[in-house]
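Beneath this line is the structure, given in structure tokens, with notes to follow.
Protein chains: 2
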Amino acid sequence: MEVITSKALPSKENFSEWYHELIQRAEIMDVRYPVKGLYVWFPFGFKIRQLVYGKLREIMDRDHDEVYFPTLIPETELGKEGEHIKGFEDEVYWVTHGGRDPLDVKLALRPTSETAMYPMFKLWIRSHADLPLKVYQVVNTFRYETKHTRPLIRLREITSFKEAHTAHVDYEDAERQVRDAIKLYKEFYDFLAIPYLVIRRPEWDKFPGAAYTVAFDTVMPDGRTMQIGTVHHLADNFAKTFDIEYETPDGDHAYVHQTCYGISERCIAALISIHGDDLGLVLPFEVSPVQIVIIPILYKGSEEKVMEVARQLYEKLTDMGFRAVLDDSEERPGAKYYKWELKGVPVRLEIGPREVDEGSAIVSFRDERVKHKMSVEEITEERIRKWAAEMKERLLRKATGKMMDKLKFFESVEDANEWIGKGVALIYLCDSLECGEDVEEALKGSVLGRFEEIPEWMELQEKGSCAVCGELGNLTAVAKTY
Amino acid sequence: MEVITSKALPSKENFSEWYHELIQRAEIMDVRYPVKGLYVWFPFGFKIRQLVYGKLREIMDRDHDEVYFPTLIPETELGKEGEHIKGFEDEVYWVTHGGRDPLDVKLALRPTSETAMYPMFKLWIRSHADLPLKVYQVVNTFRYETKHTRPLIRLREITSFKEAHTAHVDYEDAERQVRDAIKLYKEFYDFLAIPYLVIRRPEWDKFPGAAYTVAFDTVMPDGRTMQIGTVHHLADNFAKTFDIEYETPDGDHAYVHQTCYGISERCIAALISIHGDDLGLVLPFEVSPVQIVIIPILYKGSEEKVMEVARQLYEKLTDMGFRAVLDDSEERPGAKYYKWELKGVPVRLEIGPREVDEGSAIVSFRDERVKHKMSVEEITEERIRKWAAEMKERLLRKATGKMMDKLKFFESVEDANEWIGKGVALIYLCDSLECGEDVEEALKGSVLGRFEEIPEWMELQEKGSCAVCGELGNLTAVAKTY
């Protein structure tokens with residue numbers, strides 16, 4: 001074993017430090033930009049973003065059109081929907097001056113785009129034939145965060161907000177869209193091997209202006225949950241405010257019913273946090289900027305023949321369409337292992353003089369770190385795809401296991417006290433604000449809401465007596481959150 | 001010939017009206033957003049954007065890394081480079097409030113990203129081994145435009161600014177990068193069949209903070225020029241301001257020399273304006289959201305067999321990877337022609353009962369509008385690629401011819417007076433500000449600058465006597481500009 005001189009990462013046990021260091025050292029984001037809550041995407045991080053959002057776009061493009069609406073929203077539009085503006089007014093950035101002149105109407109940096117889009121939807125939608133309307137955009141949005149900020153998780157500029165907006169003939173059709181959106185988001189997170197809980201937010205925590213909100217939460221290594229996607233049924237609330245009517249087949253007029261759903265770069269925060277380990281990133285094959293690294297083991301006298309075989313293998317892999325790197329730098333093999341492990345490269349191939357003589361290579365996978373010897377001829381495209389699929393299965397199994405360990409059912413609120421902060425408490429709770437507030441105060445955590453879908457492995461019933469008042473309640477998750 | 005009931009476009013002779021109407025009716029951008037100078041990308045327009053910027057990214061990715069820097073730049077950084085801030089201070093949007101609180105340090109919406117990036121470059125560049133550094137980003141930038149705004153051309157939110165930034169060991173290496181950037185931009189505009197002039201801006205019109213600026217200008221149908229790309233040599237001006245030093249191989253320290261170069265959605269404005277005609281868009285095959293439209297000509301009794309053949313053809317084309325549409329809507333063929341011509345679809349295939357019996361199809365190209373009959377079997381992938389290449393050649397030839405007609409050489413400034421506003425005047429002019437101002441005042445136009453490269457077909461010498469003072473001057477372009 002060679003001695004690695006680069007400083008080791010903090011252990012993942014100290015999740016917060018580990019995350020902060022890893023983001024910088026694996027070159028995901030540079031945290032040194034001179035404004036709080038704003039970060040710079042490094043080239044390597046940006047490549048992960050492009051791969052992850054490429055998949056998200058692919059999923060959306062099947063059934064949505066991509067559009068782009070302006071960043072600047074006039075105060076007059078942003079303020080139209082009463083609940084909506086109440087939900088955002090403390091965290092909106094305001095543009096008040098152009099050059100040295102004060103603006104007549106202040107402009108908000110979009111915190112989200114309902115109020116930019118819906119005045120235009122009013123113009124776009126005339127008749128039932130224009131429905132359903134399904135669009136999305138991937139944009140930067142802004143929040144004046146006063147809490148502790150964190151790269152990819154809590155930002156003042158969210159650089160990569162995918163927001164979809166749809167309009168429908170009635171409540172039921174919008175309801176079907178909510179189901180579809182949940183399906184699409186499941187597909188996306190399954191692709192990333194990130195386990196999730198699908199939870200309906202309580203009334204007091206739904207999206208401002210929505211009829212209801214369904215959220216995707218994942219459980220982070222420190223036991224806090226992170227919301228990684230939301231789906232909102234807006235009913236005709238915004239349609240009434242922005243006067244979005246359509247002509248029905250009978251010639252009547254009716255308001256549309258709407259939905260919106262979003263995913264931000266928190267999906268990448270989850271990817272990093274859920275799969276990473278003490279050595280760095282662990283990336284699923286499809287979203288890894290480098291999928292396969294070849295490391296030649298060079299000894300004096302056999303350099304040339306080793307390099308030749310390594311180069312041949314490199315060309316074979318790139319011809320197959322894989323993102324491969326042949327690391328022929330001057331560094332020692334140990335330093336190379338360290339570097340590519342930090343970057344999460346899923347497959348490593350080593351070739352030394354012995355392997356050249358045998359026509360073999362040493363294969364190892366980032367998540368297992370066990371070396372296998374195999375014949376170079378066996379390294380076919382099909383085999384590599386199989387490795388990728390197997391690795392993803394292992395990642396998902398491991399991540400799901402860890403999430404299961406962090407969920408615990410409690411009969412009473414008091415029993416859950418010790419657990420909150422370490423994991424998610426499951427209790428039965430009725431829908432009332434009073435019982436919700438009681439629990440949040442007692443546990444110093446947030447009521448995430450009742451399960452929209454109870455995973456089978458949870459082996460718990462949907463209904464039970466509210467742990468506070470004893471009335472009929474639903475299985476509900478309570479946790480500290482990001 | 002069927003009567004088309006939809007309102008015809010204004011003639012392209014009335015370029016300004018034609019452009020404004022076309023942008024809206026071909027569904028490129030919706031101009032009805034309730035803030036001056038801000039527009040909405042429709043789904044169709046956004047697809048063109050993705051295709052055009054896909055090519056631009058492909059060109060950049062060969063030799064640059066994509067990154068993303070924050071939108072918000074603190075006043076303290078933006079103000080550091082004296083000339084730079086002077087050039088932008090009248091058109092910067094300022095964020096002054098977060099929620100209801102005034103910010104301690106005002107934040108500018110990036111007008112361009114030098115002052116966001118270069119403080120980080122200082123951290124990224126340590127030694128000569130880190131050089132050259134070549135990055136780019138595709139972002140929204142903001143200008144408080146007080147002049148007349150126009151979609152894609154003069155905007156308050158530029159939605160699609162591709163800006164590249166590089167750092168080098170010395171002036172000469174940065175100079176080589178300027179040449180490379182010019183080459184890349186030529187490749188991009190050749191791909192779009194857009195002709196251009198490569199012109200060095202006069203001292204008084206260079207990028208604020210640059211050593212010099214080379215611009216790509218194209219000539220619009222009304223004879224005004226539009227700047228569609230710029231390449232700046234920054235020398236070590238910003239390096240000194242932002243203290244970007246590196247360690248040389250000898251252990252000394254030296255400032256880097258930098259370049260930056262940008263292209264905005266004006267490339268799409270040019271695409272529309274240069275190739276479009278009285279019927280609408282004319283799009284090169286590679287950047288057309290719909291490349292081939294199949295229009296079945298349906299008569300009672302033969303609908304089914306025509307539709308079957310049309311569907312087979314559609315499947316054949318999509319299997320080949322082309323973006324094809326089979327327009328089986330209820331509209332009459334004439335209305336379909338009108339619609340797809342408006343959208344610029346390069347290839348139209350018509351199939352009626354006679355064609356089915358013959359095994360033929362009627363082919364026509366958007367730029368020619370002449371019908372050819374050919375056997376369906378001859379419509380192979382290779383043949384279609386050939387059509388695409390031929391069409392692009394025709395577009396470029398036609399566009400270049402038009403540009404040539406709009407360039408005219410004049411011995412004296414007075415002679416050019418009538419011409420300015422109709423086209424570009426070429427005169428010999430020395431480098432002095434006085435002579436430049438004289439010409440601009442006399443002609444009510446802008447001195448674009450001297451030719452960086454004189455196209456062969458221009459048949460003019462580089463040097464001649466300044467039309468104002470008689471000293472040695474350079475061949476210089478003067479025009480009204482967008």
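Here the protein sequences line up with chains A and B, keeping their order. Residue numbering for the first sequence follows my numbering, beginning at 1 and increasing consecutively. Residue numbering for the second sequence follows my numbering, beginning at 1 and increasing consecutively. Virtual Cβ for every residue (Gly too), placed ideally from N, Cα, C.
Leaving out five residues on either side along the sequence, give the residues of the same chain with a beta carbon under 8 Å from the beta carbon of residue i.
i      : result
A:T76  : V105
A:L9   : W18, E21, L22, R25, D278, L279, G280 and L342
B:K36  : T149 and R156
A:S465 : Y428, E471, L472 and G473
Ignore the nearest five residues each way along the sequence and tell me which others in residue i's own chain have a CB closer than 7 Å to its CB.
i      : result
B:H233 : A174, E175, V178, A210, A211, Y212 and T259
B:E453 : V198
A:P221 : K12, F15 and S273
A:P102 : T96
B:L460 : F409, L426, I454 and L475
B:S288 : G344, V345 and P346
B:P296 : V306, M307, A310, D328 and I351
B:H64  : K134, V135, Y136 and A164
In chain order, what residues of the same chain lie with their CB nearer than 6 Å to the CB of residue i, ignoring the 5 residues before and after it?
i      : result
B:F88  : P111
B:I28  : G45
B:G436 : P202 and V447
B:D90  : none
A:E2   : With a pLDDT of only 41 at A:E2, under the threshold of 50, the placement of this residue in the model should not be trusted; the figure read from the coordinates follows. Correct list, in chain order: R332 and G334.
Residue i versus chain B: which residues are under 7 Å apart at the beta carbon?
i      : result
A:D236 : Chain B residues near A:D236: none, gap ~22 Å exceeds 7 Å.
A:W94  : V95, T96 and H97
A:E89  : G99
A:E71  : It is worth fixing the name first, because residue 71 of chain A is Thr in this sequence and not Glu. Chain B residues near A:T71: N140 and E157.
A:Y144 : G98 and G99
For a contact defined as C-beta to C-beta under 9 Å, what are the partners of residue i on chain B?
i      : result
A:R32  : P119, M120 and L123
A:P74  : P34 and V35
A:V135 : P43
Would you mind telling me which residues of chain A sit closer than 8 Å to residue i, beta carbon to beta carbon, in chain order?
i     : result
B:E66 : P43, F46, K47 and Q50
According to DSSP, what are the bridge partners of residue i?
i      : result
B:Q227 : B:D217
A:Y136 : A:E66 and A:A164
B:G98  : A:Y93 and B:D101
B:P296 : B:I351
B:W204 : B:W204 is not bridged to any residue.
A:V363 : A:L349 and A:H372
A:Y246 : A:A254
B:A477 : B:L426 and B:G449
A:F410 : DSSP output for A:F410 lists no bridge partner at all.
A:L184 : Per DSSP, none; premise fails for A:L184.
Just the chain A side, please: which residues come within less than 9 Å of residue i by C-beta, in chain order?
i      : result
B:L131 : Those within 9 Å of B:L131 in chain A number zero; the least Cβ separation is about 15 Å.
B:V345 : Those within 9 Å of B:V345 in chain A number zero; the least Cβ separation is about 18 Å.
B:L9   : Ordered by position in chain A, no residue passes the 9 Å Cβ test against B:L9, which lies about 20 Å from the chain.
B:V40  : V67, Y68, F69, P70, A116, M117 and M120
What does residue i touch in chain B if you count any residue whose Cβ is under 8 Å from its own?
i      : result
A:P111 : Under the 8 Å cutoff, chain B gives no residues; its nearest Cβ is about 11 Å from A:P111.
Which chain A residues are close to residue i, counting only those with a beta carbon under 7 Å from its beta carbon?
i     : result
B:E77 : P34
Got a sec: is the Cβ-Cβ distance from residue i to anything in chain D below 9 Å?
i     : result
A:L56 : Absence of chain D from the displayed structure is noted, the protein chains being A and B.
Pair every Cβ in the stretch 462–481 of chain A with every Cβ in the stretch 244–257 of chain A, then say whether three or more of these pairs are closer than 8 Å.
-> no
Would you say the stretch 62–76 of chain B touches the stretch 148–162 of chain A, given that touching needs at least three Cβ pairs under 8 Å?
-> yes
Evaluate contact between the stretch 216–224 of chain A and the stretch 186–198 of chain A, counting only Cβ atoms and requiring at least three cross-stretch pairs below 8 Å.
-> yes
Contact residues within the stretch 410–444 of chain B, judged by C-beta distance below 7 Å to chain A | none
Pairing CB atoms from the stretch 147–156 of chain B with CB atoms from the stretch 107–121 of chain B, are three or more of them under 8 Å?
-> no
Within the chosen definition, does the stretch 376–386 of chain B reach the stretch 304–323 of chain B through at least 3 CB pairs nearer than 8 Å?
-> yes
Using 8 Å as the threshold, is the stretch 301–311 of chain B in touch with the stretch 341–355 of chain B, meaning 3 or more CB pairs across them?
-> yes
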